[in-house]
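Enquirer: Taken in order, these protein sequences are the chains called A and B. Residue numbering for the first sequence is 1 to 333, as defined by UniProt numbering. Residue numbering for the second sequence is 1 to 333, as defined by UniProt numbering. Provided herewith is a single structure, encoded as structure tokens, for subsequent inquiry.
2 protein chains.
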Amino acid sequence: MATRLSDVAARAGVSVKTVSNVINDYPHITSHTRAKVQAAIDALDYKPNVSARSLRKGRSDFIALAIPEMASPYFAELGAAISRAAKKRGITVLIDQTEGEAAAEKFILDGMRGQLIDGIIFSPITTAPARIGAADTAKPLLLLGERHAGGNLDHVAVDSVQASFDATTHLISLGRRRIAAIGVGGGAGTGSVRRRGYRKALKAAGIEHDPALELAGTGYHREDGAASMRDLLALPEPPDAVFCFNDLLALGALRTLADAGLSVPGDVAVVGFDDIEDGRFHSPSLTTISPDKEWLAENAVAVLLDRISGSGEADRRDLIVPYTLKIRESTSG
Amino acid sequence: MATRLSDVAARAGVSVKTVSNVINDYPHITSHTRAKVQAAIDALDYKPNVSARSLRKGRSDFIALAIPEMASPYFAELGAAISRAAKKRGITVLIDQTEGEAAAEKFILDGMRGQLIDGIIFSPITTAPARIGAADTAKPLLLLGERHAGGNLDHVAVDSVQASFDATTHLISLGRRRIAAIGVGGGAGTGSVRRRGYRKALKAAGIEHDPALELAGTGYHREDGAASMRDLLALPEPPDAVFCFNDLLALGALRTLADAGLSVPGDVAVVGFDDIEDGRFHSPSLTTISPDKEWLAENAVAVLLDRISGSGEADRRDLIVPYTLKIRESTSG
Numbered sequence: 001m002a003t004r005l006s007d008v009a010a011r012a013g014v015s016v017k018t019v020s021n022v023i024n025d026y027p028h029i030t031s032h033t034r035a036k037v038q039a040a041i042d043a044l045d046y047k048p049n050v051s052a053r054s055l056r057k058g059r060s061d062f063i064a065l066a067i068p069e070m071a072s073p074y075f076a077e078l079g080a081a082i083s084r085a086a087k088k089r090g091i092t093v094l095i096d097q098t099e100g101e102a103a104a105e106k107f108i109l110d111g112m113r114g115q116l117i118d119g120i121i122f123s124p125i126t127t128a129p130a131r132i133g134a135a136d137t138a139k140p141l142l143l144l145g146e147r148h149a150g151g152n153l154d155h156v157a158v159d160s161v162q163a164s165f166d167a168t169t170h171l172i173s174l175g176r177r178r179i180a181a182i183g184v185g186g187g188a189g190t191g192s193v194r195r196r197g198y199r200k201a202l203k204a205a206g207i208e209h210d211p212a213l214e215l216a217g218t219g220y221h222r223e224d225g226a227a228s229m230r231d232l233l234a235l236p237e238p239p240d241a242v243f244c245f246n247d248l249l250a251l252g253a254l255r256t257l258a259d260a261g262l263s264v265p266g267d268v269a270v271v272g273f274d275d276i277e278d279g280r281f282h283s284p285s286l287t288t289i290s291p292d293k294e295w296l297a298e299n300a301v302a303v304l305l306d307r308i309s310g311s312g313e314a315d316r317r318d319l320i321v322p323y324t325l326k327i328r329e330s331t332s333g
Numbered sequence: 001m002a003t004r005l006s007d008v009a010a011r012a013g014v015s016v017k018t019v020s021n022v023i024n025d026y027p028h029i030t031s032h033t034r035a036k037v038q039a040a041i042d043a044l045d046y047k048p049n050v051s052a053r054s055l056r057k058g059r060s061d062f063i064a065l066a067i068p069e070m071a072s073p074y075f076a077e078l079g080a081a082i083s084r085a086a087k088k089r090g091i092t093v094l095i096d097q098t099e100g101e102a103a104a105e106k107f108i109l110d111g112m113r114g115q116l117i118d119g120i121i122f123s124p125i126t127t128a129p130a131r132i133g134a135a136d137t138a139k140p141l142l143l144l145g146e147r148h149a150g151g152n153l154d155h156v157a158v159d160s161v162q163a164s165f166d167a168t169t170h171l172i173s174l175g176r177r178r179i180a181a182i183g184v185g186g187g188a189g190t191g192s193v194r195r196r197g198y199r200k201a202l203k204a205a206g207i208e209h210d211p212a213l214e215l216a217g218t219g220y221h222r223e224d225g226a227a228s229m230r231d232l233l234a235l236p237e238p239p240d241a242v243f244c245f246n247d248l249l250a251l252g253a254l255r256t257l258a259d260a261g262l263s264v265p266g267d268v269a270v271v272g273f274d275d276i277e278d279g280r281f282h283s284p285s286l287t288t289i290s291p292d293k294e295w296l297a298e299n300a301v302a303v304l305l306d307r308i309s310g311s312g313e314a315d316r317r318d319l320i321v322p323y324t325l326k327i328r329e330s331t332s333g
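Listed below in structure tokens is the structure:
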């Protein structure tokens, strides 16, 4: 039988109202009373009914993280970091996989119906930026990723143009001139934004960009990178370097290069984007753009919690995640 | 301004009670009325308040999946599969990362407080089996993984003893005799259960097990596998094969072997466990035990939903996940 509030009150020798005040963290309670009630709660293993309690205090201390794909290591690592950052603040993160489906993304923008969640961190892929910006979200919502929503939603992202410029410039600095790009068709604006940085770097070095070296692929997975790399090797004049718009594409490309008996970076230098753990342990280890995921997680959670409590700045926030270029064996082995 | 039930009723020309009946899917409504109300709901973009609605119908159509680590590819792939399996049935999965912390696992066993969730799929690591079996969970709870809870909780797991026997027997069939095991100290009973299968296979082949070849490591990550492999290579008589108790350990071990200039499988053959995507694309690709994750996801969701609706068998279910041994380059390259 579940312990009731009145059982706790009886054991602590206080009123039910006092127990309720302690549970709801009201400020005007003496530490003596608080300790007495807490001891009774512990002794009886009393579990407050949080549905009811949340309705009173207006918070559940749960937030949701909506990502396109759990099985993508970048999102999995990011989800783990956001979960840890929230836990430090007493908040539980529940993660929802949208698979980039329009209906699932709409469900997020609509505030996940009545689910007891205080706010949402959302990485959209499918929904048009205009719709996101115009969304009249029922709950505080923070956007991750390339899509600038305009509107008034908080937003946290890497400067992908600059990062892609740096990745490409690194390959140019190694003396490479036929530098391919894999992933130019990527979702959520990723493909076009990163291509802008890639082309900008080529232009700055006086290298004309060659459309034959820009591959869209069908997705951002290892198999897409492997297939795109096969296409590149079939060209009359294959590339001497490849900038892949995420690490999974790069790991797929490396597999194709191994199958073809080509040396990395001797024949083809490879750079990725994301710095997932897989790339650090791969042979050769993968040179990549490393966004500071801990920084991203800490700041996304802090901004969202400010928004939930109403203590943040009134204006929307637009935070740029710091990154570094990690040079490893795939360009310097 | 949010649309109210009365707005929908006015537009559809029916009573508020009728709108409520349609929203709650009561059976005695004519299809004509249902269509009229649905048209009004669509026209006004009415969003039912699901908190209130859930309280009435007693369901939220959300379930939780509690896993130790999101960033572990096995759990990420499993989470993705469970999310897909649930979505086919109109259920949203919210994922909670416990990091194996006792407090976080207790929180799950206690039913996640009042969160609007119909049931929980739980992969425990820290909590003792006796406590899990004795848990008086507030909500239907299904266990994943090695720990047989006894008690009356449904349970879905691979037969790890048999799978480990098969993996080790495969290495023996290649003529290997000094077969090491990495991960014997793994959490949730995984280490001891898989070691049982490993030793059983050695014994069946008349090979005495050598404690120096059984490494516990400090975790189940790539870095642990890399470190354990370094320890094995430092032995007076290093192994000619390694069975790693998950793929991450195996991928770490492969990195150490590459650094040491040893050939795989020529010098050392390597087998993993889990069949994560990383191992399929690695050079060499990884031989591994491949549990049928889709089967696991489909059945875990189906059993839990039966339990939630009360339509399942009264007795606890104990399902064994099918698996295959995928032979790839790390043992046959």
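No residue lacks a Cβ here, since even glycine has one placed at the ideal position from N, Cα and C.
(1) Output, in chain order, the set of chain B residues within a Cβ distance shorter than 8 Å of residue 69 of chain A.
(2) DSSP on residue 293 of chain B, reduced to helix/strand/coil?
(3) Verify whether the separation of the beta carbon atoms of residue 98 of chain A and residue 62 of chain A is less than 7 Å.
(4) Between the C-alpha atoms of residue 238 of chain B and residue 178 of chain B, what's the straight-line distance to the nearest angstrom?
(5) Would you mind giving the Cβ-Cβ distance between residue 277 of chain A and residue 68 of chain A, rounded to the nearest angstrom? I have them listed as a contact below 8 Å.
(6) Please classify residue 300 of chain A: is it buried, with 16 or more other beta-carbons within 10 angstroms of its beta-carbon, or exposed?
(7) From the beta carbon of residue 38 of chain A, is the nearest beta carbon of chain B less than 7 Å away?
(8) Using a beta-carbon distance below 7 Å, is residue 241 of chain B in contact with chain A?
(9) Please name the residue or residues paired with residue 214 of chain A in a DSSP beta bridge.
(10) Taking all protein chains shown into account, decide if residue 152 of chain B is buried (16 or more other Cβ within 10 angstroms of its Cβ) or exposed.
(11) Could you check whether the Cβ of residue 208 of chain A sits closer than 7 Å to any Cβ belonging to chain B?
(12) Going by DSSP, what residues sit across from residue 162 of chain A in a beta bridge?
(13) Work out the CA separation of residue 101 of chain A and residue 219 of chain A for me, nearest whole Å.
(14) Given residue 362 of chain A, which residues of its chain have a CB within under 8 Å of its CB, disregarding the five upstream and five downstream residues?
(15) Would you tell me roughly how many angstroms separate the C-alpha atoms of residue 287 of chain A and residue 249 of chain A, rounded to the nearest one?
(16) According to DSSP, what are the bridge partners of residue 120 of chain A?
(17) Find the residues of chain A that neighbour residue 124 of chain B, judging by a C-beta separation of less than 8 Å, and give them in chain order.
(18) Starting from the C-beta of residue 21 of chain A, find all residues in its chain whose C-beta is less than 6 Å away, skip the five residues before and the five after it, and write them out in chain order.
(19) Please compile the residues from chain B whose C-beta is within a distance smaller than 7 Å of the C-beta of residue 83 of chain A.
(20) Buried or exposed: where does residue 324 of chain A fall if 16 or more other Cβ atoms within 10 Å of its Cβ makes it buried?
(21) Tell whether a beta-carbon distance below 7 Å holds between residue 157 of chain A and residue 185 of chain A.
(22) If I follow the unbroken beta strand (DSSP E) through residue 325 of chain A, where does it start and stop?
(23) Please report whether the beta-carbon of residue 281 of chain B lies at a distance below 7 Å from any beta-carbon of chain A.
(24) Can you tell me whether DSSP reads residue 275 of chain A as helix, strand or coil?
(25) Can you find a CB in chain A that lies within less than 7 Å of the CB of residue 296 of chain B?
(26) Just verifying my parser: in three-state terms, what is the DSSP assignment at residue 95 of chain B?
(27) What does a CB cutoff of less than 8 Å around residue 51 of chain A pick up in its chain, not counting 5 residues either side in sequence?
(28) Determine whether the beta carbon atoms of residue 268 of chain A and residue 262 of chain A lie at a separation below 7 Å.
(29) Please name the residues in the region 243–258 of chain A whose beta-carbon is closer than 8 Å to at least one beta-carbon of chain B, in chain order.
(30) Determine the contact status of residue 247 of chain A and residue 176 of chain A, defining contact as a CB-CB distance below 7 Å.
(31) Helix or strand or just coil, what does DSSP make of residue 155 of chain A?
(32) Just the chain A side, please: which residues come within less than 9 Å of residue 222 of chain B by C-beta, in chain order?
(33) Hey, could you find the ends of the beta strand (DSSP E) residue 245 of chain B is sitting in?
(34) If we call anything under 7 Å between Cβ atoms a contact, is residue 141 of chain A one with residue 120 of chain A?
(35) Look up residue 267 of chain B in the DSSP assignment and give the residues it is bridged to.
(36) Taking all protein chains shown into account, decide if residue 108 of chain A is buried (16 or more other Cβ within 10 angstroms of its Cβ) or exposed.
Expert: To lay it out plainly:
(1) 80
(2) helix
(3) no
(4) 8 Å
(5) At roughly 19 Å, the Cβ-Cβ gap does not stay under 8 Å, so residue 277 of chain A and residue 68 of chain A are not in contact.
(6) buried
(7) no
(8) no
(9) A/181
(10) exposed
(11) no
(12) Residue 162 of chain A is not bridged to any residue.
(13) 14 Å
(14) Absent from the model: residue 362 of chain A. The displayed extent of chain A is 1 to 333, so no value can be given.
(15) 13 Å
(16) A/64 and A/141
(17) Within 8 Å Cβ-Cβ: nothing; residue 124 of chain B doesn't reach chain A, min ~17 Å.
(18) 29
(19) 70 and 97
(20) exposed
(21) no
(22) 323–326
(23) yes
(24) coil
(25) no
(26) strand
(27) Only weak support exists for where residue 51 of chain A lies, its pLDDT of 48 falling under 50; the value from the coordinates is given anyway. Within the same chain, residue 51 of chain A has close Cβ partners 116.
(28) yes
(29) 251, 252, 254, 255 and 258
(30) no
(31) strand
(32) 277, 278, 280 and 281
(33) Per DSSP, residue 245 of chain B belongs to no beta strand (DSSP E) and is neither H nor E.
(34) yes
(35) According to DSSP, residue 267 of chain B bridges with nothing at all.
(36) buried
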